[in-house]
Amino acid sequence: MKIKAYLLLFIIFYNSNILNAQNSDKDSKAIKVLNFSTFHLTNTTDMNSSVVDINNPEVKSEINRIVKKLIEFKPTIICVEIPKKYSEGANEIYQEYKIDQSQKTNWSEEINSIAFEVGRLSDVENIYGIDFTIGFDYSKLLEMAKKSKSPSTIKFLDNNSESLKEFNELSLIGKFQALNSDEWRSETLNHYNYLSTIHTEGKFEGVEIVSEFYKRNLAIYSNFHDIPKTETDRVLIIFGGAHSAYLDVFLKNDENFELVDPKEYLVQ
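Okay, structure coming up:
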């Protein structure tokens, strides 16, 4: 009986080691991804933004500090919030930027000041636009929410207003720290989940509108998958906070990728 017991323990131990080795091997093959949240520095159609003076010396200094930290990730591929259909043109400008830093895109400034500069200093070959444009009537949902007399909706609006006020009072570095925190991403997902519950009698306006935003983020994820990658690649994604929150959910459950904690690459 003892021999059988020892044999059984040996088999369990042996199989456990094989399973651990297989998991370790799978992890080693997963492509590392740094999903880095940003706010739009300029040129945004977002309902809520925090535009900064990119020519301010102090702002430039802080952005340079962010760039230096992201370089430590050693990216080989960079993905940005430019529609995929314009990716080729944006990449052509990036190739010019690597030679002449006065060359800029007309997209939001974080692409020029952060993505392009990190790419140039990290010797990244190509920049990829992976965004997908789709209608999303965010303002309609907010107007509907403001007309609501529901205590939970009134509380939702008050909390949202307070959060935005607190965010806008943060320093530039502070904003990036907030956007890349687990708390912010969780709150962002909860924000859109709540918006989906707003509707008039017998209709589902919130569900229909938020589902369009969800569809956009799934399309971004699909575009991300289309990029040719190898096991040795290290991918840096630089996207607005809401998109980053959804990409986190998708990538965490994708065995092909290993999400790197963005807090490791934040300026403290």
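In mature numbering (1 follows the signal peptide of the UniProt record, and there is no 0), the protein residues as written are -21 to -1, 1 to 247.
C-beta: ideal position from N, C-alpha, C; glycine also.
When the options are compared against residue i, the one with the closest alpha-carbon
i	options	result
residue 205	58, 48, 141	58
residue 77	151, 104, 144, 131	104
residue 10	241, 243, 234	234
residue 79	171, 127, 99	99
residue 8	219, 222, 213	213
residue 101	164, 157, 52, 36	52
residue 138	119, 167, 108	167
residue 127	179, 236, 37, 32	179
residue 87	209, 31, 170	31
residue 92	169, 157, 47, 71	47
residue 109	222, 148, 54	222
Alpha-carbon to alpha-carbon, residue j and residue i
i	j	result
residue 247	residue 42	13 Å
residue 2	residue 84	Confidence is the limiting factor: at residue 2 the pLDDT is only 40, short of 50, which leaves the residue's position unreliable, though a coordinate-based value still follows. Rounded to the nearest angstrom, the two C-alpha atoms are 42 Å apart.
residue 274	residue 199	Nothing about residue 274 can be reported from this structure: the residues present for the chain run from -21 to 247 only.
residue -1	residue 196	For residue -1, the predicted structure reports a pLDDT of 42, less than 50, and the residue's modelled location is therefore unreliable. The matter cannot be settled from this model.
residue 224	residue 182	27 Å
residue -6	residue 240	Note that residue -6 scores 40 on pLDDT, short of 50, meaning its location in the model is unreliable; the coordinates nonetheless yield the value given after this. Those two C-alpha atoms are separated by around 28 Å.
residue 97	residue 90	10 Å
residue 69	residue 173	35 Å
residue 135	residue 74	45 Å
residue 24	residue 211	For residue 24, the predicted structure reports a pLDDT of 49, less than 50, and the residue's modelled location is therefore unreliable. A value from the coordinates is still provided. Near 36 Å, if we compare the C-alpha coordinates of residue 211 and residue 24.
residue -18	residue 232	The pLDDT assigned to residue -18 is 39, lower than 50, so where the model puts this residue is not dependable; a value taken from the coordinates is nonetheless given after this. If I take the Cα positions, the gap works out to 40 Å.
residue 39	residue 33	6 Å
residue 150	residue 230	29 Å
residue 154	residue 36	18 Å
residue 208	residue 238	15 Å
residue 142	residue 56	33 Å
residue 187	residue 133	21 Å
residue 140	residue 164	17 Å
residue 82	residue 147	29 Å
residue 156	residue 162	11 Å
residue 130	residue 54	47 Å
residue 171	residue 236	25 Å
residue 145	residue 71	38 Å
residue 152	residue 160	13 Å
residue 228	residue 158	15 Å
residue 5	residue 122	Note that residue 5 has pLDDT 43, beneath the 50 cutoff, so the model's placement of it is unreliable and the number below is only indicative. Their backbone Cα atoms lie some 48 Å apart in a straight line.
Extent of the continuous alpha helix (DSSP H) run through residue i
i	result
residue 63	Run containing residue 63: none; DSSP gives neither H nor E here.
residue 202	184 to 205
residue 38	36 to 50
residue 166	161 to 174
residue 238	That residue, residue 238, is in no alpha helix (DSSP H); its beta strand (DSSP E) goes 236 to 239.
residue 181	No alpha helix (DSSP H) contains residue 181, which DSSP labels as neither H nor E.
residue 228	220 to 231
residue 155	151 to 158
Check whether residue i and residue j have beta carbons under 8 Å apart
i	j	result
residue 226	residue 216	yes
residue 20	residue 244	no
residue 124	residue 177	yes
residue 18	residue 49	no
residue 113	residue 242	no
residue 120	residue 220	no
residue 175	residue 189	yes
residue 95	residue 63	no
Range covered by the beta strand (DSSP E) that runs through residue i
i	result
residue 212	Counting along the chain, residue 212 falls outside any beta strand (DSSP E), and DSSP gives it neither H nor E.
residue 129	No beta strand (DSSP E) holds residue 129; DSSP gives it neither H nor E.
residue 16	10 to 17
residue 110	106 to 110
residue 96	Run containing residue 96: none in the beta strand (DSSP E); it sits in the alpha helix (DSSP H), 96 to 101.
Integer-rounded CB distance, given that residue j should sit under 8 Å from residue i
i	j	result
residue 203	residue 115	Contact doesn't hold; Cβ gap of about 19 Å is too wide.
residue 66	residue 117	So it is not a contact: roughly 25 Å between Cβ atoms.
Within-8 Å CB hit, residue i to chain B
i	result
residue 203	Looking for chain B here will not work: only one protein chain is present.
Residue i: CB within 7 Å of a non-hydrogen atom of the ligand GDP
i	result
residue 56	Among the components of this structure there are no ligands whatsoever, and the ligand GDP is therefore not found.
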